[in-house]
């Protein structure tokens with residue numbers, strides 16, 4: 001079971017498809033063992049094989065993933081609504097998926113001028129508050145290794161792309177326990193994020209609020225952090241922890 005799950009996790013973390021040799025190398029399995037497991041997974045629809053005999057995530061796994069995302073969105077909805085009530089800005093829940101963050105749930109701001117993050121949309125790690133706060137929850141070595149393997153595009157003039165600068169930024173985030181996207185992903189938008197933890201461990205998820213810079217100043221963003229922490233801790237302890 002563990003070996004089959006290793007294969008599914010590898011395929012889910014990579015774009016496109018992989019050959020048997022690549023899958024064996026990525027999971028540490030013997031090629032023959034990897035092939036045998038892939039045949040079984042393909043028969044159940046968990047993986048699919050293309051005409052070039054390469055493998056990708058199949059419809060069975062996608063159905064489970066969709067159901068999990070829907071459940072998570074329902075579970076998180078009350079916490080997101082509370083975050084909107086407290087801050088007045090759009091609240092988001094995002095989860096690490098391979099080398100990107102994906103928004104899995106959102107509650108919009110009541111303001112006419114508000115920020116939308118499309119649910120299901122992947123966003124970079126280096127230029128988002130949700131990405132930085134989840135990276136900071138990892139050990140420094142693996143976090144920088146993950147960052148080094150990504151395209152660190154300069155989305156705006158404020159985006160950090162240099163690994164040394166990003167290392168310093170993650171050190172600051174670890175120390176303070178929250179992260180800010182200060183017009184790094186999109187000009188005119190400021191976002192602050194905190195980790196969503198279950199028990200004492202930081203998870204792959206983050207809670208954030210985003211707003212236009214004319215309304216969400218840096219001081220305002222920092223001021224909402226204690227409320228966000230309280231909401232995230234409650235979400236992790238009472239909701240996600242119980243669901244897990």
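In UniProt numbering, the protein residues as written are 1 to 244.
Glycine included, every Cβ here is placed at the ideal spot set by N, Cα and C.
Note that this is a predicted model, so its numbers are computed, not measured.
Contact between residue 134 and residue 195 holds: their C-beta atoms lie close to 7 Å from each other, under 8 Å. In this structure, residue 181 sits near residue 190, with a CB-CB distance shorter than 8 Å. Between residue 58 and residue 17, the gap from beta carbon to beta carbon reaches 8 Å or more.
Residue 185 is not bridged by DSSP to any residue. Taking 8 Å as the cut-off, the beta carbon of residue 99 is found closer than this to the beta carbon of residue 149.
Each residue's CA atom was taken as its position, placing residue 95 and residue 114 some 22 Å apart.
A check of alpha carbon separations from residue 211 across 220, 159, 139, 203 identifies 220 as the nearest. If you look at residue 20, you'll find it in the alpha helix (DSSP H) that goes 20–27. Per DSSP, the continuous alpha helix (DSSP H) segment holding residue 134 begins and ends at 129–136. In chain order, 125, 126, 135, 163, 166 place their CB closer than 8 Å to the CB of residue 147, counting only its own chain and leaving out the 5 sequence neighbours on each side. Annotation for residue 141: the continuous alpha helix (DSSP H) segment containing it runs 140–148.
Distance between residue 43 and residue 83, taken at the CA atoms: about 44 Å. For residue 225, the uninterrupted alpha helix (DSSP H) run begins and ends at 225–234, by DSSP. Among the bridge pairs identified by DSSP, residue 90 is matched with 210.
Spatial neighbours of residue 179 in its own chain (CB-CB distance under 6 Å, excluding positions within 5 residues in sequence) are listed in chain order as 129, 132, 133, 173, 193. In the displayed model, residue 195 falls within a strand according to three-state DSSP. Note on residue 223: under 16 other CB atoms within 10 angstroms of its CB, so exposed under the neighbour-count rule.
Residue 93 is not a Cβ neighbour of residue 228, given a cutoff of 8 Å. Put simply, of 77, 120, 140 the residue whose alpha carbon is nearest the alpha carbon of residue 234 is 77. Listed in chain order, the non-local C-beta contacts of residue 49 below 6 Å within the same chain comprise 42, 55, local neighbours out to five positions each way being set aside. Annotation for residue 152: no alpha helix (DSSP H) segment contains it, and DSSP assigns it neither H nor E. The residues 3, 6, 7, 10, 34, in chain order, have a CB closer than 8 Å to that of residue 27 in the same chain once the five nearest residues on each side in sequence are set aside. The DSSP-derived three-state label of residue 6 is helix. Contact annotation: residue 73 and residue 39 have beta-carbon atoms that are not nearer than 8 Å.
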